[in-house]
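Quick note: the sequence shown, position 45, residue 70 per the numbering used here, numbers continuous. We treat Cβ as the ideally placed atom computed from N, Cα and C, and that holds for glycine. Data first, discussion second: the structure below is written as C-alpha cells.
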Amino acid sequence: MKQKGLILLLVLSFVTLNSFSKTKKFGTWIEFEFSKEFLDKFEISIIPEIRFQDDFTVDEYMFDGKLSYSPLDFLDFAAIYRLNTNVKNKGNETLGRFAFDASLQKDLGRFEASLRGRYTNYLELEEDDSDKKYLRPRVKLEYDIKGNKIRPFASFELFRNLTDKEFDKSRIDVGATRKIGDLHRVGAYYRLQNYFSDKNSIHILGLEYRLKF
C-alpha cells in the first residue's frame with residue numbers, strides 16, 4: 026500500500042512539473058478556518074479567504090459558512106454557503122453561492138486516501154459562471170510521517186460543467202499541513218489550475234490556518 030501511495034504522489038508531482046511551462050498567470054490565496062464541533066457528529070465552520078493575482082492586488086475575497094455531518098468515521102457530508110466579492114474583474118460585485126459535499130476516507134497504512142464529490146453553482150476565479158452548475162470530483166492522498174507533525178499531501182480535482190455537459194478545468198495540489206498543539210493547524214500548497222480550452226493555466230500559492238475548538 027505504501028508503494029502505491031508513493032507512486033501516486035510521484036505521478037501527480039510529474040504532471041505538475043510537466044505543465045509548468047504552459048502557465049503564465051500567478052496567484053496567492055490565503056484562507057482562515059474556524060471550526061467548532063457540536064452534538065457529537067456535527068461541526069460548524071466559518072472560512073474567510075482573500076485571493077491575490079499576479080501583481081498582488083486583491084482579486085476577490087469571500088466568506089464561507091459550512092455545516093458538516095459525520096454519520097460514520099469514514100463518511101462526511103457538508104453544506105456550504107459562500108458570499109463572494111469580485112474586486113478586480115467585476116467592480117466589487119458580491120454574489121451568493123452554494124455547495125454540497127460528500128466525502129469518503131480510507132486509511133492505507135500510513136497513507137490516508139479520500140474521495141470527495143462536490144455539487145456547486147460556481148466555478149471560481151474570473152469565469153462568468155452565474156447560471157451554471159458543476160460537479161467537482163477530487164481524489165486526495167495524505168501521508169502521516171512517523172514521529173513528525175507534518176503531513177504532505179497531493180490531490181487531483183476535475184470540474185464538470187453540468188449545464189454544458191463538458192469538463193472545464195482541473196486542479197493539481199501538492200503541499201503539506203502541520204499541527205501546532207491540539208487546536209491549531211497551518212498549511213501551504215502549490216496549485217496548478219489547468220483549463221481545457223485556450224485559457225492560460227494558473228500557478229497558485231496557497232497559505233492556510235485552521236483553529237478547531
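For residue i and residue j, what's the separation of their Cα atoms in angstroms?
| i | j | result |
| --- | --- | --- |
| D65 | L92 | 13 angstroms |
| D89 | R161 | 18 angstroms |
| E62 | I55 | 23 angstroms |
| L208 | L236 | 6 angstroms |
| L217 | D193 | 14 angstroms |
| E58 | Y234 | 6 angstroms |
| G212 | F67 | 24 angstroms |
| K157 | L120 | 14 angstroms |
| R107 | D126 | 14 angstroms |
| D223 | Y159 | 20 angstroms |
| R185 | E191 | 6 angstroms |
| P73 | S60 | 12 angstroms |
| E137 | R122 | 30 angstroms |
| S70 | F238 | 10 angstroms |
| I205 | L232 | 15 angstroms |
Below 8 angstroms on the Cβ atoms is my guess for residue i versus residue j; work out the distance and round it to an integer in Å.
| i | j | result |
| --- | --- | --- |
| L187 | T53 | Actually they are not in contact, since the Cβ atoms of L187 and T53 sit about 30 angstroms apart, beyond 8 angstroms. |
Name the one or two DSSP bridge partners that residue i has.
| i | result |
| --- | --- |
| F178 | E167, G200 |
| E195 | In the sequence under discussion, the amino acid at residue 195 is Ser, which differs from the Glu named in the question. Beta-bridge pairing links S195 to L183, N219. |
| D126 | A103, R143 |
| G212 | T202, E233 |
| P162 | G142 |
| N111 | E85, E118 |
| S70 | S60, K91 |
| I50 | One detail in the question is off: residue 50 reads as Lys in this sequence, not Ile. According to DSSP, which records beta bridges pairwise, K50 is partnered with I227. |
Please state the DSSP three-state secondary structure of residue i.
| i | result |
| --- | --- |
| F238 | coil |
| K224 | coil |
| K190 | coil |
| F240 | The displayed coordinates of the chain run from 26 to 238. Any statement about residue 240 would go beyond what the structure contains. |
| R135 | coil |
| D80 | coil |
| N43 | The predicted position of N43 is uncertain, since its pLDDT is 47 and thus under 50; a value taken from the coordinates is nonetheless stated next. Note: N43 maps to helix in three-state DSSP. |
| G172 | coil |
Can you list, in chain order, the residues of its chain whose CB lies under 7 angstroms from that of residue i, leaving out five sequence neighbours each side?
| i | result |
| --- | --- |
| V164 | L140, S180, F181 |
| F129 | Sequence inspection shows Leu at residue 129; the Phe mentioned does not correspond to that position. Cβ neighbours of L129 beyond the five flanking positions: F99, L100, S139, L140. |
| I175 | A201, R203 |
| G172 | none |
CB-CB under 6 angstroms to residue i, same chain, minus the five flanking residues each way: which ones, in chain order?
| i | result |
| --- | --- |
| I75 | I55, Y86 |
| N111 | E85, E118 |
| A124 | I105, R143, T145 |
| P177 | Y168, A201 |
| S195 | L183, N219 |
At a cut-off of 7 angstroms, is residue i close to the ligand GTP when judged by its beta-carbon and the heavy atoms of the ligand?
| i | result |
| --- | --- |
| D132 | The ligand GTP is not among the ligands present in this structure, which contains no ligands whatsoever. |
Less than 8 angstroms between C-beta atoms, sequence neighbours within five positions excluded: which residues of the same chain meet that for residue i?
| i | result |
| --- | --- |
| V83 | I75, R76, F77, V112, K113 |
| P96 | K66, F102 |
| D80 | none |
| I170 | R135, R176, P177 |
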